[in-house]
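In the numbering used here, the protein residues as written are 13 to 121. Backbone N, C-alpha and C fix where the C-beta goes; we use that ideal spot for every residue, glycine too. Given the structure is predicted, the values throughout are model-derived calculations rather than measurements. Okay, structure first, notes after.
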């Protein structure tokens with residue numbers, strides 16, 4: 013059975029660390045086959061704030077967005093239909109690797 017640590021903590025009152033929980037579960041008769049820390053897969057990603065979103069001049073389904081990622085503001089071409097100023101979203105900088113092993117890069121339109 014697979015479950016998340018947050019799900020387990022919803023049903024278990026503890027301040028124990030993941031390691032401590034994994035050590036105790038076998039003592040209760042529950043086998044721990046593996047532990048996967050998915051946060052490492054997403055460490056390249058940043059939460060960004062969309063400051064501006066305009067229709068792309070050469071594409072009907074794309075928007076040009078100015079996104080504040082904390083250290084700087086970047087211009088992003090976005091295909092999300094709900095992209096608009098005032099929302100937060102996930103930003104993958106060039107070189108970021110998504111869990112499916114694709115690598116993001118800068119490209120010309």
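- With distances taken between CA atoms, residue 86 lies nearest to 62 out of 41, 19, 62.
- Residue environment: residue 82 is assigned as exposed (fewer than 16 neighbouring CB atoms within 10 Å of its CB, all protein chains considered).
- Closest option to residue 112, judged by alpha-carbon separation, among 100, 54, 98, 75: 54.
- The beta-carbon separation of residue 103 and residue 33, rounded to 32 Å, does not stay under the 8 Å limit for a contact.
- In chain order, 109 place their CB closer than 6 Å to the CB of residue 115, counting only its own chain and leaving out the 5 sequence neighbours on each side.
- The three-state secondary structure of residue 60, taken from DSSP, is strand.
- If you draw a 10 Å sphere on the C-beta of residue 75, you find 16 or more other C-beta atoms in it, and that means buried.
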